[in-house]
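So the structure is just underneath, and the comments pick up after that.
In the numbering used here, the protein residues as written are 1050 to 1534.
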């Protein structure tokens, strides 16, 4: 089930919201948990079973951490394991079990086949005539990258003393399976949700802002991301392109992935607000960034801050000297690339961003790159990001290199390129391309637009939602891009 589907918009969502406001507050987390499992298991019930297994382990680990801390667990709120409590070997083992379970599930379904293929390729290179490791082709549960990272934050936050553990299993299921952000984020930290599970406000203003978020997110997906996807899919399917066609195609993909992913995040934030929850901002006009460092402060903020707090800082961050800092930056971004997918293309994508982060840190605030005029820095950053998107979008490394050759004029574009041009420069797609660019660089982002819901914005949002729903009826099922990661 996806947000941009008839069954979600006209059946699932109205039913959940109606029941949510009819039942007592104490029963609402259980209702969300059950609804979330229905939402997730709709396409494949086995996926819900896999998530339930991981949730059970994490929930038990949270209670075990509290038990091993020696703190009394009264009938009220479970206590926070503060800094005065020594972290014992048993507590570290429990934490390791939780992390290993989540990473193990992620590795099994997402990376087992990739690892086996590379082991066999290496063996062939060394002269072996048989496959050393059988290659398993497992169906990847949608959203597993997101909910495993979210689940890891539970045990880590409880262990660090950033939040208290949950006593009721249904509360924990509500946190991990929370359907608004389940399959494509934002990656919500447990510490940010723990108090809201117990106390949150339900107001008409909050609900109205949630509807506005959902409307703008839906418009991003249906009205902009989908036609930009047509441009990108057509360009990347071509064997060779003229230079301007190749750049038009990768710019189209840059717009597609931004409006698709930020649209989902907006819809997730909106759905959460309708139920009283406040999620974090996941995008802050990332193509307005004037450096790659600034880009990662604005793009997929929940992932970049997760990697910073749970990986970069534990590795030493920037407190261990320049050399180790550069290594830490590269390590984090390579890991972030692999998080997106089991492919060397994603590793290269992460390596490009890690290398740029290290380069910008080495340059410092007085470097040549930093002294360029701001519009040039923004343009240069966008070009670098688009070059890295080639590896993100292409299916294989040879396809990535072939596309890059087209971008620099080193490919031999034939008559097929005329067919591609005819498909991507239609009046409709060219118009939507211009609208996408204007929205990126001239229109406030959704968070700014929804800070104050004026009558004009309310009418505009409802008009966009209505138009999006009408166009949705004419399209085949088009899931969000990050469902694949």
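Glycine included, each C-beta is placed from N, C-alpha and C at the ideal position.
- Counted as a single uninterrupted DSSP element, the alpha helix (DSSP H) harbouring residue 1477 occupies residues 1476-1491.
- Counting along the chain, residue 1426 sits inside the alpha helix (DSSP H) bounded by residues 1423-1442.
- In its chain, beyond the 5 residues on either side, 1118, 1210 have a beta carbon closer than 6 Å to the beta carbon of residue 1130.
- Using a 10 angstroms sphere on the CB of residue 1444, the tally of other CB atoms stays under 16, which defines it as exposed.
- Rounded to the nearest whole angstrom, the C-alpha separation of residue 1246 and residue 1270 is 29 Å.
- Annotation for residue 1257: 1502 place their beta carbon closer than 7 Å to its own, counting only its chain and skipping 5 residues before and after.
- Sixteen is the threshold: since fewer than 16 other Cβ atoms of the shown chains lie within 10 Å of the Cβ of residue 1467, the residue is exposed.
- DSSP, reduced to helix, strand and coil, places residue 1348 outside both helices and strands of the structure shown, so it counts as coil.
- Residue state for residue 1236 is assigned as coil, using DSSP reduced to three classes.
- Pairing residue 1222 with residue 1082 gives a Cβ-Cβ distance under 8 Å.
- With a 10 Å radius around the Cβ and a threshold of 16 neighbouring Cβ atoms, residue 1511 comes out exposed.
- With contacts defined as CB atoms closer than 8 Å, residue 1236 and residue 1351 qualify as a contacting pair.
- The DSSP-derived three-state label of residue 1414 is coil.
- Looking at the backbone, the Cα of residue 1168 and that of residue 1056 are separated by about 43 Å.
- When 1531, 1499, 1197 are compared, the shortest CA-CA separation from residue 1263 is found for 1499.
- A distance of 8 Å or more separates the beta carbons of residue 1268 and residue 1305.
- Between the alpha carbons of residue 1507 and residue 1103 lies a distance of about 41 Å.
- DSSP, reduced to helix, strand and coil, places residue 1369 outside both helices and strands of the structure shown, so it counts as coil.
- Between the alpha carbons of residue 1297 and residue 1326 lies a distance of about 39 Å.
- Below 8 Å, enough C-beta pairs join the stretch 1420-1430 and the stretch 1339-1359 to call them touching: three or more.
- In the three-state DSSP reduction, residue 1339 falls in the coil class, being neither helix nor strand.
- In this structure, residue 1303 keeps its C-beta atom at 8 Å or more from the C-beta atom of residue 1529.
- Exposed is the label assigned to residue 1365, since fewer than 16 other Cβ atoms lie within 10 Å of its Cβ.
- Inclusion of residue 1335 and residue 1347 in the CB contact set at 8 Å is warranted, their separation being smaller than that value.
- In terms of CA proximity to residue 1151, 1100 leads the group 1100, 1125, 1308.
- Relative to the Cα of residue 1406, the nearest Cα in the group 1393, 1387, 1388, 1367 belongs to 1367.
- A straight-line Cα-Cα distance of about 15 Å links residue 1067 and residue 1085.
- At the C-beta level, residue 1316 and residue 1052 come within 8 Å of one another.
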